[in-house]
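Peer 1: Have a look at this one before I ask anything.
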Amino acid sequence: MLYSPALASRTLAKYTVPAAAPFAFAARSAVLGFHHSDSSRRRHHFRPQQVASRSHSTRATMTASTQLLQGILDANETYAAAFAQSDPALLKKLAQGQAPKIFWLGCSDSRVSAELATGVAPGSIFVHRNIAQCFHPGDPSASAALAYAVHVLKVEAIIVCGHTGCGGVKAGMQAAVDSKSKEDQGEKEEAPKPGSVEETIAKWIAPIKHLATPHANNASDPLSTLELGSLTDEHVKETVKAVAESDLVRAAWDEGRELSVHGWVYHVATAKLRDLDCGYKGPGVKADSLSRPSTYADSDTL
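For the sequence shown, position 69 (counting from the first letter as 1) is numbered 69 according to full-length UniProt numbering, and the numbering increases by one without interruption.
In structure tokens, the structure reads:
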């Protein structure tokens with residue numbers, strides 16, 4: 001049940017719209033390969049196989065990627081029909097506009113969807129995602145999203161959400177280790193070719209590399225879950241600080257607005273969120289603590 005209140009974090013209760021009927025997960029199952037029981041399908045009147053059968057003959061001539069995309073469109077038919085049947089009032093409300101109370105700055109990682117992680121209904125969270133949930137002062141995309149969320153939508157909470165097994169964090173840590181190794185060997189680090197994939201990634205993860213540099217001397221080979229977990233926490237905290245110190249957030253606080261900034265980490269192995277207790281609700285004013293354990297599980301993967 002994707003939109004069940006039982007799945008939603010109780011810390012979001014103040015901000016989210018009422019939970020919608022539990023159709024979304026089942027509707028997406030046809031694409032993602034998940035299975036749900038026959039009784040569940042009958043109960044919610046899902047017929048994804050009917051959609052698939054209509055295009056079966058056509059699919060025989062499709063490439064694998066085209067079949068994947070066609071499968072998504074087919075599943076959307078089921079999703080849309082189930083949405084209209086299960087909660088037409090919410091569908092109508094969403095068509096009229098949005099009024100989310102939360103801005104989510106998260107990672108682009110395919111395993112970490114804000115709505116899936118929190119279990120809230122569409123319209124609850126305004127989302128911006130990029131590699132390793134960075135907030136670069138010179139990034140117009142993140143700044144524009146923050147500006148719109150804070151000053152147009154008037155959100156009341158900002159969540160910076162990292163996650164275990166983040167490729168961006170791992171790349172930043174590895175870059176710091178490699179640079180330190182070259183330095184120790186007296187080698188000069190070569191700059192990546194302008195316009196290359198390497199340069200594009202290096203520029204983006206530069207702040208994470210800088211954050212990881214003090215730890216490069218003692219890093220293990222290969223990098224451990226604990227090392228990457230600690231760096232993930234540190235990076236989220238630094239991003240929370242950067243967002244809280246931005247002119248966009250300060251302007252809202254200067255107006256006397258209720259606005260808090262929080263740092264969370266999503267544990268991929270358990271699907272649980274963890275609050276880092278590093279938030280702010282005003283300039284230099286610590287945000288209220290939220291009840292979530294703040295330790296990494298040994299089962300979390302790189």
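Glycine included, every Cβ here is placed at the ideal spot set by N, Cα and C.
Which partner residues of Phe-103 appear in the DSSP bridge assignment?
Peer 2: By one-based count along the sequence shown, residue 103 stands at place 103. DSSP, once it has assigned bridges, lists Phe-126 and Ile-158 as partnering Phe-103.
Peer 1: Taking C-alpha atoms, which residue in Lys-92, Leu-91, Arg-111 and Glu-115 lies nearest to Ile-102?
Peer 2: For the purposes of this step, residue 102 is taken as the residue at position 102 of the sequence shown. With distances taken between Cα atoms, Ile-102 lies closest to Glu-115.
Peer 1: Verify whether the separation of the beta carbon atoms of Leu-231 and Ala-212 is less than 8 Å.
Peer 2: Here residue 231 corresponds to residue number 231 of the sequence shown, with the count starting at 1. Here residue 212 corresponds to residue number 212 of the sequence shown, with the count starting at 1. Result yes, Cβ atoms of Leu-231 and Ala-212 sit closer than 8 Å.
Peer 1: I'd like the span of the alpha helix (DSSP H) that includes Pro-250, first residue to last.
Peer 2: By one-based count along the sequence shown, residue 250 stands at place 250. It is Arg, not Pro, that sits at residue 250 in the sequence shown. From DSSP, the alpha helix (DSSP H) with Arg-250 extends over 247 to 254.
Peer 1: Whole angstroms are fine: how far does the CA of Gly-138 sit from the CA of Ala-244?
Peer 2: Counting from one through the sequence shown, the residue named residue 244 turns up at place 244. Counting from one through the sequence shown, the residue named residue 138 turns up at place 138. The straight-line gap from Cα to Cα measures roughly 16 Å.
Peer 1: Helix, strand or coil, according to DSSP, for His-136 in the structure here?
Peer 2: Within the sequence shown, residue 136 is the residue found at index 136, counting from 1. Residue state, collapsed to three classes: coil.
Peer 1: Take Gln-98 as the anchor and find which of Tyr-280, Ala-216, His-262 and Val-152 has the nearest alpha-carbon.
Peer 2: Indexing the sequence shown from 1 puts residue 98 at position 98. Among Tyr-280, Ala-216, His-262 and Val-152, the Cα nearest to that of Gln-98 belongs to Val-152.
Peer 1: Starting from Leu-94, follow the beta strand (DSSP E) in both directions and report where the run begins and ends.
Peer 2: Within the sequence shown, numbered from 1, the residue matching residue 94 stands at position 94. Note, Leu-94: premise wrong, no beta strand (DSSP E); alpha helix (DSSP H) at 88 to 96.
Peer 1: Going by C-alpha distance, which of Asp-288, Val-112, Leu-276 and Gly-282 is nearest Ala-251?
Peer 2: In the sequence shown, counting from the first residue as 1, residue 251 sits at position 251. Per the Cα distances, Gly-282.
Peer 1: Below 6 Å CB to CB, which residues in the same chain sit around Leu-105 once its five sequence neighbours on both sides are set aside?
Peer 2: By one-based count along the sequence shown, residue 105 stands at place 105. Excluding sequence neighbours, Leu-105 sits near His-128, Gln-133 and Val-160.
Peer 1: Taking the alpha carbon of Leu-91 as the point to measure from, which residue in Pro-122, Ala-202 and Tyr-148 has its own alpha carbon closest?
Peer 2: As a working note, residue 91 is residue 91 in the sequence shown. Of the listed residues, the one whose Cα sits closest to Leu-91 is Pro-122.
Peer 1: Is the distance from the Cβ of Val-268 to the Cβ of Gly-119 below 8 Å?
Peer 2: Numbered from its first residue, the sequence shown carries residue 268 at position 268. Numbered from its first residue, the sequence shown carries residue 119 at position 119. In this structure, Gly-119 does not lie closer than 8 Å to Val-268 by Cβ.
Peer 1: For Gln-50, count the other beta carbons within 10 Å of its own beta carbon; 16 or more makes it buried, fewer makes it exposed. Which is it?
Peer 2: For the purposes of this step, residue 50 is identified with residue 50 of the sequence shown, where counting begins at 1. For Gln-50, the pLDDT reaches just 48, beneath the cut-off of 50, and the residue's location in the model is therefore unreliable, leaving the point undetermined.
Peer 1: Distance check for Ser-124 and Met-173, CA to CA, integer angstroms please.
Peer 2: Walking along the sequence shown from the start, residue 173 turns up at place 173. Walking along the sequence shown from the start, residue 124 turns up at place 124. If I take the Cα positions, the gap works out to 34 Å.
Peer 1: Rounded to whole angstroms, what's the CA-CA distance from Trp-204 to Pro-88? Just pull it up for me.
Peer 2: Taking the sequence shown and counting its residues from 1, one reaches residue 204 at position 204. Taking the sequence shown and counting its residues from 1, one reaches residue 88 at position 88. Trp-204 and Pro-88: Cα-Cα distance of roughly 42 Å.
Peer 1: For Ala-216, which of Asp-178, Ala-81 and Pro-100 has the nearest alpha-carbon?
Peer 2: Translated into the one-based positions of the sequence shown, residue 216 becomes position 216. Ala-216 has its Cα closest to that of Asp-178, out of Asp-178, Ala-81 and Pro-100.
Peer 1: Would you mind reading off the limits of the beta strand (DSSP E) that contains Asp-275?
Peer 2: Translated into the one-based positions of the sequence shown, residue 275 becomes position 275. Element bounds for Asp-275: 272 to 275.
Peer 1: Our contact map puts Ile-208 next to Val-169 with C-beta atoms below 8 Å; I'd like the distance itself, whole angstroms only.
Peer 2: Within the sequence shown, numbered from 1, the residue matching residue 208 stands at position 208. Within the sequence shown, numbered from 1, the residue matching residue 169 stands at position 169. Yes, they are in contact, since the Cβ atoms of Ile-208 and Val-169 sit about 6 Å apart, within 8 Å.
Peer 1: Between Pro-194, Val-150, Ser-289 and Gly-279, which lies nearest to Asp-254 when the distance is taken from Cα to Cα?
Peer 2: For the purposes of this step, residue 254 is taken as residue 254 along the sequence shown, with counting starting at 1. Among Pro-194, Val-150, Ser-289 and Gly-279, the Cα nearest to that of Asp-254 belongs to Val-150.
Peer 1: Report the rounded CA-to-CA distance for Asn-218 versus Asp-184, giving the unit in angstroms.
Peer 2: Looking up residue 218 in the sequence shown gives position 218. Looking up residue 184 in the sequence shown gives position 184. The straight-line gap from Cα to Cα measures roughly 13 Å.
Peer 1: What are the boundary residues of the beta strand (DSSP E) that Ser-260 is part of?
Peer 2: For the purposes of this step, residue 260 is identified with residue 260 of the sequence shown, where counting begins at 1. Ser-260 -> beta strand (DSSP E) spans 260 to 267.
Peer 1: Assign Gly-279 to one of two classes, buried (16 or more other C-beta atoms within 10 Å of its C-beta) or exposed (fewer than that).
Peer 2: Sequence index remark: in the sequence shown, residue 279 carries index 279 (1-based). Result: buried.
Peer 1: Does the Cβ of Val-285 have 16 or more other Cβ atoms within 10 Å, making it buried, or fewer, making it exposed?
Peer 2: By 1-based counting over the sequence shown, the position of residue 285 is 285. Val-285 should be labelled exposed.
Peer 1: On the CB-based measure, 16 or more other CB atoms within 10 Å of its CB, does Arg-42 come out buried or exposed?
Peer 2: Within the sequence shown, the letter at position 42 stands for residue 42. Per-residue confidence for Arg-42 stands at a pLDDT of 36, beneath the threshold of 50, marking its modelled position as unreliable; the derived number appears in the next sentence. With fewer than 16 other Cβ atoms within 10 Å, it is exposed.
Peer 1: Between the beta-carbon of residue 315 and the beta-carbon of Val-112, is there less than 8 Å?
Peer 2: Here the chain comprises residues numbered 1 to 302, so residue 315 is not present and cannot be evaluated.
Peer 1: Give the list of continuous alpha helix (DSSP H) stretches no shorter than 4 residues that lie fully inside the segment 199 to 247.
Peer 2: As far as the segment 199 to 247 is concerned, its whole alpha helix (DSSP H) runs of at least 4 residues are 225 to 244.
Peer 1: Ends of the alpha helix (DSSP H) at Gly-279?
Peer 2: Start at 1 with the first residue of the sequence shown, and residue 279 comes out as number 279. Where Gly-279 is concerned, there is no enclosing alpha helix (DSSP H), given that its DSSP letter is neither H nor E.
Peer 1: Consult DSSP for Lys-182 and reduce its assignment to one of helix, strand or coil.
Peer 2: For the purposes of this step, residue 182 is taken as residue 182 along the sequence shown, with counting starting at 1. Looking at Lys-182 - three-state DSSP - the assignment turns out to be helix.
Peer 1: Could you pull out every residue in the same chain whose Cβ sits closer than 6 Å to the Cβ of Lys-182, ignoring the five residues on either side in sequence?
Peer 2: Stepping through the sequence shown from its first residue, residue 182 is reached at position 182. Cβ within range, chain order: Glu-189.
Peer 1: May I have the straight-line CA-CA distance separating Ile-142 from Gly-167, to the nearest angstrom?
Peer 2: Here residue 142 refers to the residue found at position 142 when the sequence shown is read from its first residue. Here residue 167 refers to the residue found at position 167 when the sequence shown is read from its first residue. According to the sequence shown, residue 142 is Ala rather than Ile. Each residue's alpha carbon lies about 19 Å from the other.
Peer 1: Classify Pro-100 as buried or exposed, calling it buried when 16 or more other Cβ atoms lie within 10 Å of its own Cβ.
Peer 2: Position 100 of the sequence shown holds residue 100. Result: buried.
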